Structures are given as structure tokens and as C-alpha cells.
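Asks: Residue numbers (the working numbering): 1 to 900.
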Amino acid sequence: MLMISKTYNPKDIEGKWYQYWLDNQLFKSTPDNREPYTIVIPPPNVTGVLHMGHMLNNTIQDVLIRKARMEGKNACWVPGTDHASIATEAKVVAMLKERGIAKTDLTRDEFLAYAWEWTHKYGGIILQQLRKLGASCDWDRTRFTMEPNLYDSVITVFVDLYNKGKIYRGVRMVNWDPQGKTAVSDEEVNMKEVQQKLVYIRYAISPFPSFKERSDDSVEVEYITIATTRPETIMADAAIAVNPNDERYKHLHGRKAIIPLINREIPIITDEYVTMDFGTGGLKVTPAHDRNDYELGVKHRLPVIDILNDDGTLNEKAQILVGMDRFAARKAIIKQLEESDHLVKVEEYKSNVGYSERTNAVIEPKLSLQWFLQMEDLAKPALKAVMDDVVQLVPPKFKNTYRSWMENPHDWCISRQLWWGQQIPAFYMKDGTIIVAKDKREALRIARDKYQLFALSETDLTQDEDVLDTWFSSWLWPISVFDGIVKPDNADINYYYPTNDLVTAPEILFFWVARMIVAGYEYRGQEPFRNVYLTGIVRDKLGRKMSKSLGNSPDPLDLIEQFGADGVRTGMLFSSPAGNDLPYDEKLVEQGRNFCNKLWNAFRLVKGWQVTEEANAYKTYETLLGIPNSSAVVIRWFESTFSAAVLEIQDHFSKYRISDALMTLYKLIWDDFCSQYLEMIKPGFEQPIDAETYNATIDFFDRLTRLAHPFMPFITEEIWQELREHTEDESICVADYPKAGAVDAQLLTDMATALELITSIRNLRGSKQISPKVELPLAIKSQITGRFEPFAQLIQKLANLSGIEYVSIGADATPGLSFVIKGDEFYVNIVGEIDVEQERATQQKELDYTLGFRDSVLKKLSNEKFVANAKPDVIERERQKLADADAKIKTLQEAIARFV
RNA sequence: GGGAGCUUAGCUCAGUUGGUUCAGAGCAUCUCGUUUACACCGAGAGGGUCGGCGGUUCGAGCCCGUCAGUUCCCACCA
Numbered sequence: 001m002l003m004i005s006k007t008y009n010p011k012d013i014e015g016k017w018y019q020y021w022l023d024n025q026l027f028k029s030t031p032d033n034r035e036p037y038t039i040v041i042p043p044p045n046v047t048g049v050l051h052m053g054h055m056l057n058n059t060i061q062d063v064l065i066r067k068a069r070m071e072g073k074n075a076c077w078v079p080g081t082d083h084a085s086i087a088t089e090a091k092v093v094a095m096l097k098e099r100g101i102a103k104t105d106l107t108r109d110e111f112l113a114y115a116w117e118w119t120h121k122y123g124g125i126i127l128q129q130l131r132k133l134g135a136s137c138d139w140d141r142t143r144f145t146m147e148p149n150l151y152d153s154v155i156t157v158f159v160d161l162y163n164k165g166k167i168y169r170g171v172r173m174v175n176w177d178p179q180g181k182t183a184v185s186d187e188e189v190n191m192k193e194v195q196q197k198l199v200y201i202r203y204a205i206s207p208f209p210s211f212k213e214r215s216d217d218s219v220e221v222e223y224i225t226i227a228t229t230r231p232e233t234i235m236a237d238a239a240i241a242v243n244p245n246d247e248r249y250k251h252l253h254g255r256k257a258i259i260p261l262i263n264r265e266i267p268i269i270t271d272e273y274v275t276m277d278f279g280t281g282g283l284k285v286t287p288a289h290d291r292n293d294y295e296l297g298v299k300h301r302l303p304v305i306d307i308l309n310d311d312g313t314l315n316e317k318a319q320i321l322v323g324m325d326r327f328a329a330r331k332a333i334i335k336q337l338e339e340s341d342h343l344v345k346v347e348e349y350k351s352n353v354g355y356s357e358r359t360n361a362v363i364e365p366k367l368s369l370q371w372f373l374q375m376e377d378l379a380k381p382a383l384k385a386v387m388d389d390v391v392q393l394v395p396p397k398f399k400n401t402y403r404s405w406m407e408n409p410h411d412w413c414i415s416r417q418l419w420w421g422q423q424i425p426a427f428y429m430k431d432g433t434i435i436v437a438k439d440k441r442e443a444l445r446i447a448r449d450k451y452q453l454f455a456l457s458e459t460d461l462t463q464d465e466d467v468l469d470t471w472f473s474s475w476l477w478p479i480s481v482f483d484g485i486v487k488p489d490n491a492d493i494n495y496y497y498p499t500n501d502l503v504t505a506p507e508i509l510f511f512w513v514a515r516m517i518v519a520g521y522e523y524r525g526q527e528p529f530r531n532v533y534l535t536g537i538v539r540d541k542l543g544r545k546m547s548k549s550l551g552n553s554p555d556p557l558d559l560i561e562q563f564g565a566d567g568v569r570t571g572m573l574f575s576s577p578a579g580n581d582l583p584y585d586e587k588l589v590e591q592g593r594n595f596c597n598k599l600w601n602a603f604r605l606v607k608g609w610q611v612t613e614e615a616n617a618y619k620t621y622e623t624l625l626g627i628p629n630s631s632a633v634v635i636r637w638f639e640s641t642f643s644a645a646v647l648e649i650q651d652h653f654s655k656y657r658i659s660d661a662l663m664t665l666y667k668l669i670w671d672d673f674c675s676q677y678l679e680m681i682k683p684g685f686e687q688p689i690d691a692e693t694y695n696a697t698i699d700f701f702d703r704l705t706r707l708a709h710p711f712m713p714f715i716t717e718e719i720w721q722e723l724r725e726h727t728e729d730e731s732i733c734v735a736d737y738p739k740a741g742a743v744d745a746q747l748l749t750d751m752a753t754a755l756e757l758i759t760s761i762r763n764l765r766g767s768k769q770i771s772p773k774v775e776l777p778l779a780i781k782s783q784i785t786g787r788f789e790p791f792a793q794l795i796q797k798l799a800n801l802s803g804i805e806y807v808s809i810g811a812d813a814t815p816g817l818s819f820v821i822k823g824d825e826f827y828v829n830i831v832g833e834i835d836v837e838q839e840r841a842t843q844q845k846e847l848d849y850t851l852g853f854r855d856s857v858l859k860k861l862s863n864e865k866f867v868a869n870a871k872p873d874v875i876e877r878e879r880q881k882l883a884d885a886d887a888k889i890k891t892l893q894e895a896i897a898r899f900v
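1) How about residue 688 and residue 793: are their beta carbons less than 7 Å apart?
2) Does DSSP classify residue 901 as helix, strand or coil?
3) Expressed to the nearest angstrom, what Euclidean distance is found between the alpha-carbon atoms of residue 72 and residue 703?
4) Rank 748, 115 and 386 by C-alpha distance to the C-alpha of residue 406 and give the top, closest one.
5) Taking the beta carbon of residue 849 as the centre, do at least 16 other beta carbons fall within 10 Å, making it buried, or is it exposed?
6) Quick one: using the 10 Å Cβ neighbour count with 16 as the cut-off for buried, is residue 749 buried or exposed?
7) Does the stretch 816–829 touch the stretch 751–763, meaning 3 or more C-beta pairs lie closer than 8 Å?
8) Counting beta carbon pairs with one atom in the stretch 393–411 and one in the stretch 373–382, are three or more of them shorter than 8 Å?
9) Can you give the Cα-Cα distance for residue 115 and residue 389, rounded to whole angstroms?
10) Take the Cβ of residue 260 as the centre, count every other Cβ of all protein chains shown within 10 Å, and call the residue buried at 16 or more, exposed below.
11) Out of curiosity, what's the CA-to-CA distance linking residue 144 and residue 8?
12) In the DSSP assignment, what are the bridge partners of residue 441?
13) Just the Cα atoms here: how many angstroms apart are residue 692 and residue 722?
14) Start and end of the alpha helix (DSSP H) containing residue 643?
15) Quick check: what's the CA-CA separation for residue 55 versus residue 498?
16) For residue 737, which option in 710, 744, 728 and 751 has the closest C-alpha, if you only look at C-alpha atoms?
17) Going by beta-carbon coordinates alone, are residue 37 and residue 198 separated by less than 7 Å?
18) For residue 317, which option in 293, 368 and 235 has the closest C-alpha, if you only look at C-alpha atoms?
19) Which value, in whole angstroms, describes the spacing of the CA atoms of residue 64 and residue 135?
20) On the CB-based measure, 16 or more other CB atoms within 10 Å of its CB, does residue 51 come out buried or exposed?
21) Thinking C-beta only, is residue 476 closer than 7 Å to residue 427?
22) Does DSSP put residue 767 in a helix, in a strand, or in coil?
23) Are there 16 or more other CB atoms within 10 angstroms of the CB of residue 791, so buried, or fewer, so exposed?
24) The beta strand (DSSP E) with residue 802 in it runs from where to where?
25) Could you check the C-alpha separation between residue 190 and residue 180 for me, to the nearest Å?
26) Over the uninterrupted alpha helix (DSSP H) stretch that includes residue 697, give me the two end residues.
27) With burial defined as no fewer than 16 other Cβ atoms inside 10 Å of the residue's Cβ, what is the status of residue 286: buried or exposed?
28) Please report how far the alpha carbon of residue 532 lies from the alpha carbon of residue 346, in whole angstroms.
29) Could you give the distance in angstroms between the alpha-carbon of residue 11 and the alpha-carbon of residue 734?
30) Per the contact definition of three or more C-beta pairs closer than 8 Å, is the stretch 88–108 in contact with the stretch 768–784?
31) Alpha carbon to alpha carbon, how far is residue 677 from residue 635? Give it in angstroms, no decimals.
32) Can you check the stretch 470–546 for any beta strand (DSSP E) of at least 3 residues that lies completely inside it and give the ranges in chain order?
33) Strictly by DSSP, which residues pair up with residue 818?
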């Protein structure tokens with residue numbers, strides 16, 4: 001026995017082989033005359049670390065790219081990161097705060113210097129981590145959305161879209177993130193249902209009705225009560241609205257109400273928008289702090305009074321509670337309203353509140369000046385591409401949601417009030433005139449030409465302070481990584497674009513995927529990728545999304561350390577069909593690790609064999625056992641089994657059923673190769689194996705490792721290299737992916753029957769408490785002469801038989817226990833007591849069932865409507881079933897008769 | 001409020017045009033096992049009226065209707 005570790009130790013080999021792959025530049029791709037196969041990585045946040053979602057996602061990409069590479073395609077997997085402006089800027093701000101520096105104390109350039117420092121320090125950690133997973137990216141192509149070329153791409157596209165009239169600047173109600181202090185797009189807002197308080201506040205009506213003087217000199221005050229979840233914004237109210245048909249308030253039309261606490265007068269207006277049966281039927285209209293109210297405000301020409309600062313605190317326009325945070329103010333004002341007798345009641349109320357995707361702060365609707373991209377026309381080709389399957393979504397169920405979004409897209413708010421990102425290339429002249437150009441020099445040139453202002457200098461132009469949404473750079477990713485925006489006709493873009501597969505999460509289908517398709521058509525006139533594989537979300541046992549804040553996620557690197565990269569890869573893939581969430585369980589990676597170990601031990605077994613080199617070794621082996629060599633048939637059987645599996649795996653891959661492909665491989669290796677094939681051809685204790693069988697086995701092993709390599713790159717490389725005894729400059733990474741040969745279906749069926757026989761004999765041992773060590777004699781009475789001869793040796797070996805006797809059909813009673821498989825009869829002559837009655841009962845039960853089965857088939861065949869309507873082949877099958885049942889019944893009856 | 005999907009063994013899922021192989025797989029469970037690759041193992045076994053009800057059909061896990069449960073997307077009535 002060679003000194004090979006009894007268990008597979010991934011740590012010993014993973015680093016070694018990854019370095020070998022890098023040293024030999026096996027992942028490097030440059031355009032050539034082969035067919036390209038391209039994947040661009042969904043760029044992770046540059047400051048991010050690897051989480052379970054990345055593991056799943058990147059494993060799938062690596063499986064696809066490795067398989068394509070082995071199939072002879074020019075495989076190119078482009079890695080990279082994106083600058084994630086809000087998230088990164090927030091981290092940089094936090095870092096500065098620790099150093100006692102406020103962002104406001106810095107100039108833009110100073111801040112950016114810190115941001116770059118941060119990026120260089122923490123950036124790309126995730127890309128290093130991907131190497132541990134085995135990701136076969138072309139690292140020379142690593143891109144970053146803030147690097148010069150990609151920055152320029154974004155600027156170029158902005159200028160172009162502006163010139164095409166697709167980009168405009170305007171005052172709109174946007175989603176304001178008071179923590180990030182920036183606008184965010186609609187897509188970056190998550191709605192959550194929250195328990196809130198619905199506060200009923202009464203506003204005095206002015207002027208008081210007829211100023212009827214009462215005897216005690218007091219004035220009777222009339223009120224209108226409204227319900228709101230945001231009492232802290234009453235100071236920004238511009239009106240109170242009621243439904244014009246609401247009888248309760250008809251007398252108030254045209255009157256005025258007085259805002260409590262600050263005593264400002266506002267009109268009472270009427271609008272059909274107001275629902276009569278919600279709350280009191282009275283609605284406070286606050287145009288600055290609610291989208292619908294803003295619309296109402298525009299319609300009724302109401303003033304906009306914004307009482308909030310950018311950070312969510314109240315400003316001086318609020319008059320009261322100035323400087324207080326909106327949530328603190330909400331509590332405070334309820335108290336004040338109560339004290340001033342304006343609070344009618346407070347009800348518990350559930351409603352949806354928007355939260356920022358990036359900071360999780362409650363979104364504040366805010367009126368501000370932002371840049372927008374008109375999506376309506378741009379979306380059209382992108383919608384069509386997916387509906388026509390030019391871009392195929394996997395699984396296709398996402399087409400529906402994609403369509404609903406793309407049929408009526410919102411304009412995209414692309415400006416962000418941040419510094420970390422591509423600064424908007426808009427330049428303002430002193431009078432406010434906007435000039436959009438790639439840089440200041442160009443802007444100056446345009447200004448001079450267009451407005452004949454030859455005295456204008458660069459100092460007269462100021463650039464927009466804002467940057468662009470990160471997705472505004474990500475959406476160009478499949479083009480910009482190949483410099484296809486800046487140099488639209490270069491060799492890379494022409495060769496690699498459109499890419500093949502995109503693997504990403506459904507959560508960013510709209511954020512990112514849809515927009516890439518839009519950009520693809522706008523800038524290349526072509527889809528950016530052919531297939532979009534949508535992974536699920538990795539969840540914990542309780543069904544919760546794995547997240548850092550919940551602390552329910554294992555560290556992927558720990559997992560790799562513990563189970564090996566191949567074990568983790570296969571573990572993640574065992575249970576993750578496209579579009580389905582992956583309920584993570586450590587059992588999965590254990591199974592993956594066990595799978596690796598199984599393969600490893602099969603390798604140990606084969607490497608441990610002594611091969612006889614004598615010319616007649618083959619014969620010697622035969623003679624030794626005294627029966628015809630069965631290895632030949634076993635080899636032929638595995639040949640067919642292997643081919644059938646390859647066909648199945650290819651079929652699964654063609655449908656992007658990666659888990660199913662892996663499962664087929666798993667069963668091929670574990671069941672067919674290890675449990676069956678190796679056990680069948682395994683030589684006896686301390687016996688050598690004949691060279692022919694050995695060579696065939698090595699060849700199978702070679703093919704199996706190649707078939708498995710996309711899933712488990714490290715262990716397969718190690719074994720493959722060992723099998724070939726370290727031939728220089730070779731790697732399984734670029735070895736041929738196995739192809740299917742012919743499948744001998746008859747052979748597969750016959751072997752299945754032989755295996756069934758073996759199982760039956762094993763069961764017999766179990767039920768009779770006979771040790772597997774005791775050899776048993778078997779007699780076979782087959783309908784087809786010679787049917788089991790080719791399998792005799794292996795049946796004898798695997799069932800541990802003393803010998804096999806063939807009995808002709810018409811022969812006399814054969815002693816021993818009998819059983820029937822597919823119409824053939826088998827007898828095991830067991831020494832000792834046999835419970836004849838029990839055996840008879842068992843067979844009688846089988847007979848009864850078969851009789852019942854035959855009846856049901858007969859019933860079907862005697863049904864005129866069935867015979868008239870069913871397809872001929874269906875009827876033929878039923879006839880065959882009947883014949884089989886008849887044969888079985890005959891055999892069973894004979895067997896039972898023998899007991900008597 | 002609008003739309004889409006899902007519901008098959010304890011768990012995670014396959015079941016392509018209704019008809020041998022249609023009730024399956026992996027894991028888990030149970031029984032047995034110190035067999036000379038592997039206990040990260042081997043040999044076996046049990047387990048589901050395919051969510052409920054109704055319909056179409058000679059025939060339904062598959063088609064239609066309906067109800068229930070569940071998930072997601074869109075909208076956001078304060």
C-alpha cells in the first residue's frame with residue numbers, strides 16, 4: 001500500500017494547485033479563433049468580504065466557465081469590483097470620525113484621497129477570497145468601476161444620453177436617505193410594514209362661526225379633526241383637504257383652519273383624492289413631506305414648506321422643536337398637542353414605511369433638484385429581448401416580474417449627493433446655464449462657441465457637486481470591462497461581447513440586470529448576455545436571510561478551511577436549483593466533504609493495486625478463480641453507464657440544472673463507480689489485477705476526474721496528475737471534457753437485473769440471519785438461456801456464492817428457497833431449517849398482487865373506449881404488461897406448488 | 001389594492017407533450033455489519049390518498065374551476 005492519506009486533506013493541495021494554475025496562466029484569455037465563452041462577474045462591493053451568497057454565485061460561475069474551458073472554448077471570466085458609493089462613503093466617513101475628522105472639514109479632493117486610501121487598503125480582499133474558492137477568473141483583467149477607463153465610460157455615456165435628450169435635471173420628490181444624506185432611486189427603497197401610531201389632531205376653524213358671543217364672553221370654537229402618522233410635519237401643512245362630496249364638511253368649504261401650536265392659517269380645500277371613510281375624512285396636506293401631498297399641492301397651487309434638514313432634524317421653518325430629530329419630534333409634538341388640547345386620540349396602525357437599501361434609514365420624501373434618466377424609450381428593446389428569449393432568464397418565471405417593471409419604467413434618479421463616485425459632468429455658468437461635457441475644457445469650448453462668450457474662462461464654470469448612482473456605472477459593466485464604451489471597436493469587445501451567461505441574484509434583476517440590457521442595446525445594439533442564471537438567497541435553518549447583522553452566517557473561509565473548497569462548492573450546489581432559495585445546513589458541506597473523501601479513497605484503492613505484467617497474467621487471473629473473466633463485461637457495462645451519465649449531465653447543463661448535473665455525477669461516482677464497478681473488478685485479497693482491467697480502470701478514473709473537475713477543481717487536479725504521474729505543463733483545467741460514447745441499453749438492463757438478483761440474495765441472508773461470510777449455492781432457471789452467464793462471476797463475488805448451477809426449464813424440483821425476478825426463477829439451497837409456510841405465504845402475497853395487477857391491465861384492454869382512443873404504442877405497452885404478468889404468475893404458481 | 005408563482009416522503013427538491021419504467025432522488029431515520037479504499041464507510045429497510053373539493057377524459061401528480069396555506073413583485077389611504 002502506498003503512503004496515501006486515509007482521508008482527503010484539501011489543505012495540502014489547494015494552495016499548491018491554485019498557484020500552479022496561476023503560474024501556467026491557465027485562466028488567461030485573449031481573443032483568438034476559438035469560440036469565446038464569456039462571463040463577467042457581478043462586481044462585489046470593493047470593500048466587501050465574501051459571504052455565503054457570493055460563494056453560491058461564484059461557484060456556479062466557476063463551474064460554467066471551467067466546463068466551457070475544457071470543452072475547448074476560449075473561456076474568459078472577468079473579475080472586478082464596484083465602488084458602491086453610499087456604502088463605501090459611509091465607511092470612509094466612519095473611519096474619519098474615528099480619527100476625529102469630519103467630512104465637512106475636508107475639501108472634496110481631500111476626502112477622495114481618504115476614500116482611495118481606504119479602497120487600496122481594504123479593496124479587493126474579496127477577490128483574494130475568491131481564489132480560495134477556486135474561482136478561475138482571468139485576474140489580469142480585473143476591473144474597478146472607479147478606475148480611469150471605466151470612469152471615462154460613465155462620463156461618456158452621461159454626456160451622450162444628455163445630448164440625446166434622455167437625461168434631464170429637475171425638481172422632483174425623491175427618496176431622501178437622511179443618514180447617507182443623499183437621494184436614492186425608487187429601487188433602492190425597501191418597504192416594510194411597521195406598527196405606527198395614527199394620531200388624530202383637531203385644527204380650529206377660522207374664522208370662528210359667526211363669532212356668536214355667549215353669555216360668558218367665550219367664543220364657541222369649531223374644529224376639524226384629521227388623522228396622520230406624521231404629526232411632526234403639521235408645521236409644514238399647506239392645507240386641509242376634504243372630499244367635495246363629504247356631507248360632514250360641506251359647511252367648511254372655502255373656510256380656513258389653524259395649525260395647532262404655531263397658529264398658522266391654512267385653507268380647507270376639496271379634492272376627490274380624499275377618501276371619506278379613512279380616518280376622519282379630513283387630510284392634512286403637506287407638500288414638502290409626502291408624495292401625494294406634493295401632487296395635491298401642485299394641483300391646488302399650495303406653497304411648499306420644507307421643515308426638515310438633510311439629516312432629518314427639524315429646521316427653523318418648523319418654528320418649534322427646531323434641531324430635534326424627526327422621530328424625537330414626533331413623540332414630543334404628541335405631548336404638546338395633548339397639553340394644548342388638540343389631540344383627539346391615538347390609534348395603533350400598521351402601514352408601510354420605506355427604508356434605504358444601503359443605510360436602512362427611514363426614507364424621507366424630499367423635494368430636490370436631481371438628475372434623471374428617461375427610461376421609457378430605452379426600456380423598449382430591453383423588454384422585447386427578454387420577452388423573445390434573446391436574453392433568456394433562468395428560471396423563466398422571472399419574465400413576468402421583469403415585464404411588469406419594464407412596461408412602465410420610472411425615470412431613474414441618477415444623481416447622488418456624495419463625493420465618492422463619478423462626478424456629474426455638468427458645468428454651470430454664473431447665470432445658471434448648464435453645459436454638459438466630458439470635462440471643463442470641453443465645457444468651456446462649448447460655452448464659447450454656443451453663446452459666443454469668448455471671454456469666458458474656466459473659473460466661470462462650476463461643476464455639479466453630485467456624483468452618479470453606482471448602478472449608473474454598473475449598468476455598463478459587460479461593455480466597459482472590455483473598454484467598449486471608450487473604444488467601441490477594439491478587439492476585446494468585438495470578440496467577447498455579447499457575453500454568454502450572467503449569474504446573479506433575483507433581487508438585483510431590476511437594479512442591475514435590466515439596466516445592463518438597456519445599456520447593451522443602446523451602446524452595442526445587442527444584448528449584453530444570452531442567459532441570466534438567477535440564484536436564490538442563502539438562508540439559515542429558520543428561513544432567515546443570512547446576514548452579518550443577524551450573525552447567522554458562517555464565515556465562508558472557515559468553511560473552506562474545515563471542509564475544503566471542493567467540499568463547500570459541491571455542498572452549496574447539492575440543493576440549489578436556479579431561482580430557489582438555498583436553505584443552508586452544515587449537512588450539505590459535510591456531504592460535499594464526504595464526496596471528496598469517497599473519490600479520494602477510490603483513488604487510494606486503485607493506486608494500491610499490484611498489476612501483473614506477465615503476458616498471460618490475464619489468463620492467470622481467470623484461472624485463479626476458475627471462472628470466465630467477468631471484468632470484460634463489467635468494463636463494457638461501466639462504459640455504457642458512463643456515457644449515459646455524460647448525456648444526462650450535458651442535458652442538465654443545457655437547461656442550467658446545475659444541481660441535477662452534480663447529482664448525476666455524484667451517483668455515477670459513488671454508486672456506479674465505487675459501489676458497483678470497483679467492487680466488481682476488485683481483485684481478491686493480496687491478488688494482483690490484470691493489466692487490461694487496470695488500464696481500463698485508470699482510463700475511467702481519468703474520465704471521471706475530468707467530468708467532475710468543474711465542480712471540484714482541486715481534488716480532481718490532484719488525482720488526475722497522480723494518475724498521469726505528474727506530466728509536466730499539463731493541467732486538468734484544459735484537458736478535454738469527456739464525451740459520451742455509445743450506450744448499450746440491453747447491457748444496462750441485464751446488469752440491473754443481475755444487481756437486483758444480488759440484492760435479493762443479500763436480503764435473503766438478512767432475513768435468515770446468515771452471515772455474509774457464509775458462501776451459498778445458487779441455482780438459476782432462466783427463460784432465456786445464457787442470460788446470466790456473463791454476470792456469473794460478479795454475482796458470485798458480490799453475493800458470496802459457492803457456485804452457480806443452471807437448471808433447465810423443464811427440470812425437476814430444485815431444492816431451496818426460491819424467488820422470482822422478471823420471470824426468472826432462482827433457488828438458494830440453504831442449509832438448515834427453513835420456514836416453509838412463511839416462504840409460501842410470501843410468494844402467495846406476490847402472486848395475489850400480480851393477479852390483481854393483471855386484472856387491472858385486462859380491464860383496461862377490454863375497455864372499448866381505451867382501445868379506440870389510446871395511442872397504439874400505449875396499447876402495445878399494456879399488452880406487454882399483460883404478457884409479463886402472465887409469465888410471472890406462471891412461475892409463481894409453479895414455485896408455490898412445489899411447497900406442497 | 002393589483003399581479004405572478006409555489007403546495008409531491010421528516011427536510012430540500014425532480015417529475016418535459018395526460019398512458020411501461022409514475023409516484024422518484026439526495027439527505028435524514030431505522031436495522032445489521034471490526035469484509036483486506038473509505039465509519040467522512042458498507043449491506044438492507046421503512047416512509048407520500050402528489051394541499052382540500054369539484055370538473056374534463058377510457059385514463060389526471062400533470063389539464064380546467066374553486067377554496068385554503070405560502071412566497072415574491074408592483075402600488076402605498078394620510
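We put the beta carbon where it would ideally sit given N, CA and C, even for glycine.
Given the structure is predicted, the values throughout are model-derived calculations rather than measurements.
Replies: Put simply:
1) Taking the first residue of the first sequence as 1, we reach residue 688 at position 688. Taking the first residue of the first sequence as 1, we reach residue 793 at position 793. Judged by their CB atoms, residue 688 and residue 793 are not nearer to each other than the 7 Å cut-off.
2) What is shown of the chain runs 1 to 900, which leaves residue 901 out entirely.
3) Position 72 of the first sequence holds residue 72. Position 703 of the first sequence holds residue 703. Rounded to whole angstroms, residue 72 and residue 703 show a C-alpha spacing of 16 Å.
4) Counted from its first residue, the first sequence places residue 406 at position 406. Selected option, being the one with the closest Cα: 386.
5) Walking along the first sequence from the start, residue 849 turns up at place 849. Exposure of residue 849 is indicated by the presence of fewer than 16 other C-beta atoms within 10 angstroms of its C-beta.
6) The residue labelled residue 749 in the question sits at position 749 within the first sequence. Residue environment: residue 749 is assigned as exposed (fewer than 16 neighbouring CB atoms within 10 Å of its CB, all protein chains considered).
7) yes
8) yes
9) Counted from its first residue, the first sequence places residue 115 at position 115. Counted from its first residue, the first sequence places residue 389 at position 389. Cα-Cα distance, rounded: 42 Å.
10) Here residue 260 is taken as the residue at index 260 of the first sequence, counted from 1. Residue 260 is buried by the Cβ-count criterion.
11) In the first sequence, residue 144 corresponds to position 144, counting from 1. In the first sequence, residue 8 corresponds to position 8, counting from 1. Going from the Cα of residue 144 to the Cα of residue 8 covers about 37 Å.
12) Your numbering for residue 441 matches position 441 in the first sequence. Residue 441 is not bridged to any residue.
13) One-based indexing of the first sequence puts residue 692 at position 692. One-based indexing of the first sequence puts residue 722 at position 722. Distance between the alpha carbons of residue 692 and residue 722: 19 Å.
14) The residue you call residue 643 lines up with position 643 of the first sequence. In the DSSP annotation of this structure, the continuous segment of the alpha helix (DSSP H) that includes residue 643 starts and ends at 631–654.
15) In the first sequence, counting from the first residue as 1, residue 55 sits at position 55. In the first sequence, counting from the first residue as 1, residue 498 sits at position 498. The alpha-carbon atoms of residue 55 and residue 498 are separated by roughly 25 Å.
16) For this step, residue 737 is matched to residue 737 along the first sequence. Residue 737 has its Cα closest to that of 710, out of 710, 744, 728 and 751.
17) As a working mapping, residue 37 is identified with position 37 in the first sequence. As a working mapping, residue 198 is identified with position 198 in the first sequence. Contact: no.
18) Position 317 of the first sequence, counted from the first residue, corresponds to residue 317. Looking at the Cα atoms, 235 is the closest of the given residues.
19) Locating residue 64 in the first sequence gives position 64, where the first residue counts as 1. Locating residue 135 in the first sequence gives position 135, where the first residue counts as 1. Going by the C-alpha atoms only, they are around 11 Å apart.
20) Numbered from 1 along the first sequence, position 51 holds the residue referred to as residue 51. Buried, by the Cβ-count rule.
21) Counting from 1 along the first sequence, the entry for residue 427 is found at position 427. Counting from 1 along the first sequence, the entry for residue 476 is found at position 476. It is not a contact, given that the beta carbons lie outside the stated cut-off.
22) The sequence position of residue 767 within the first sequence is 767, counting from 1. Note: residue 767 maps to helix in three-state DSSP.
23) The count along the first sequence starts at 1 and reaches residue 791 at position 791. Label assigned to residue 791: buried.
24) The residue labelled residue 802 in the question sits at position 802 within the first sequence. Counted as a single uninterrupted DSSP element, the beta strand (DSSP E) harbouring residue 802 occupies residues 801–806.
25) Mapped onto the first sequence, residue 190 falls at position 190. Mapped onto the first sequence, residue 180 falls at position 180. Each residue's Cα considered, the two are about 15 Å apart.
26) Reading the first sequence from its first residue, position 697 is the one you call residue 697. 691–708 is the span of the alpha helix (DSSP H), which, as asked, contains residue 697.
27) By 1-based counting over the first sequence, the position of residue 286 is 286. With 16 or more other Cβ atoms within 10 Å, it is buried.
28) Taking the first residue of the first sequence as position 1, residue 532 is located at position 532. Taking the first residue of the first sequence as position 1, residue 346 is located at position 346. Their Cα atoms are separated by approximately 49 Å.
29) Here residue 11 refers to the residue found at position 11 when the first sequence is read from its first residue. Here residue 734 refers to the residue found at position 734 when the first sequence is read from its first residue. Cα to Cα, residue 11 sits roughly 23 Å from residue 734.
30) No: fewer than three Cβ pairs fall under 8 Å.
31) Here residue 635 refers to the residue found at position 635 when the first sequence is read from its first residue. Here residue 677 refers to the residue found at position 677 when the first sequence is read from its first residue. For residue 635 and residue 677, the distance between alpha carbons rounds to 8 Å.
32) 499–504 and 529–534
33) Taking the first sequence and counting its residues from 1, the one referred to as residue 818 is at position 818. DSSP output for residue 818 lists 827 as bridge partner(s).
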